[in-house]
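Some notes on the structure that comes next.
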Amino acid sequence: MKQEAAPAHESIIALMQEAHHGETPSDVIRRKAKEVINKHRHLWKGPPFCPFALADLEGVIVEPAPCDIRSDGRIFPKGKDVYIQYNADQSKERINFTICHELAHTLFPDCYKRERRRTPAEKAEWEFENLCNIAASEFLFPEEEFSFEIGSSPLGANQIANIAARFGASIDATARRVVHLSRLPACVIFAVYNEPKGKAVTSLSVQYAVAHPEFAHSIHPNLRINSKSVANRAYAQQLPIGSSLENWYIRGKWARLRVEAIPLPKFESKETAHLAILVY
Ligand SMILES: [Zn+2]
């Protein structure tokens with residue numbers, strides 16, 4: 005059974021006014037994102053699915069920010085028009101996601117009404133922005149084409165890197181989408197490299213992980229990645245390497261996992277992780 009905390013953010017409350025019976029906030033935002041895609045299906049094709057074209061079809065003007073906006077992007081009405089401005093100082097893959105994210109703000113019924121004087125609680129704001137990321141993922145990787153792309157076979161590190169390139173998307177966004185849509189219960193781990201201290205040989209650790217609901221193990225932050233894991237080689241060589249069957253020690257138990265590791269290009273991941281590791 006799905007469980008989500010009660011929405012506390014005013015935009016999420018407004019969104020839930022449009023919920024169908026039994027829908028959670030993420031169900032509603034996914035449905036609304038898909039409705040936008042279906043509306044433009046005949047004109048908007050891919051991969052890659054150009055976010056600039058989608059914004060244009062939605063009547064939103066997109067331009068690089070003229071100054072430092074202290075964020076990846078922003079959306080605002082001016083006169084009769086709606087503008088998205090993006091920080092041009094990002095990789096083109098991140099710019100694509102940023103535009104999709106900003107466009108996702110328009111799915112909230114109070115997008116242009118919300119008074120911004122009151123700063124919502126941090127957790128509520130995180131939930132709201134996370135819903136925008138969910139919709140952004142629907143825009144950048146429309147389900148039909150993405151599912152066709154990943155097929156039903158196990159996914160290799162090189163395949164994921166290739167799919168990311170085909171969709172004009174970052175590795176991290178692509179790996180998350182894979183976990184969401186793959187038939188295999190998988191988990192994507194974002195790992196960081198730390199210089200080994202003293203006699204320590206393990207230098208990669210988990211920053212955070214995004215798991216399929218049916219993934220059997222609980223990968224926790226700070227979990228140290230075995231020094232024999234293929235992930236170390238992928239990081240050292242800066243190449244996607246995978247198809248390695250490994251034993252990982254997780255929460256006091258051994259788990260047998262297939263491991264696919266893909267280095268993240270510098271600045272591509274907002275979370276500053278060094279490696280995406282898909283395990284299943
Ligand atoms: Zn946002």
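Numbers given in this note's numbering equal positions in the sequence shown, counted from 1, plus 4. For every residue, glycine included, the Cβ atom is placed at its ideal position computed from N, Cα and C. Fair warning: this is a prediction, and the values are worked out from it, not measured in the lab.
Asked	Found
Other residues of its chain near N162: CB distance less than 8 Å, five sequence neighbours each side excluded	P244 and G246
Residue interval of the alpha helix (DSSP H) (run including N198)	That residue, N198, is in no alpha helix (DSSP H); it is neither H nor E in DSSP.
Residues near S15 in its chain [Cβ-Cβ closer than 7 Å; skip 5 each side]	F112, D114, R118 and F132
Check: C104 C-beta below 7 Å from any heavy atom of ligand 1	no
For R78: DSSP bridge partner residues	Q89
beta-carbon H13 near ligand 1 non-hydrogen atom, thresh 7 Å	no
Contact between the stretch 171-188 and the stretch 144-158 (3+ Cβ pairs under 8 Å)	yes
At least 3 beta-carbon pairs within less than 8 Å: the stretch 57-72 vs the stretch 82-92	yes
Selection from L107, H221 and I138 that minimises the alpha carbon distance to D60	L107
A280 and V183 closer than 8 Å at C-beta	no
Cβ neighbour criterion (16 or more within 10 Å) applied to A125	exposed
Pairwise C-alpha distance: G83 and L159	47 Å
Collapsed DSSP secondary structure at Q241 in the structure displayed	helix
Those residues, in chain order, that have a beta-carbon closer than 5 Å to some heavy atom of ligand 1	E133 and C136
Cut-off 8 Å between Cβ atoms - residues of its own chain near E147, not counting five sequence neighbours on either side	K38 and L185
Element boundaries [beta strand (DSSP E), containing L268]	Here L268 belongs to no beta strand (DSSP E), and DSSP marks it neither H nor E.
Rounded C-alpha distance that separates P81 from L208	44 Å
Simplified DSSP state of P217, which is helix, strand or coil	coil
Start-to-end residues for the alpha helix (DSSP H) that takes in P55	P55 to L61
Per DSSP, cross-strand counterpart(s) of K84	Answer is none; K84 lacks a bridge partner.
Contact check, Y239 vs Y284, beta carbons under 8 Å	no
CB contact below 8 Å: G155 versus chain D	No chain D is present in this structure, which holds just one protein chain.
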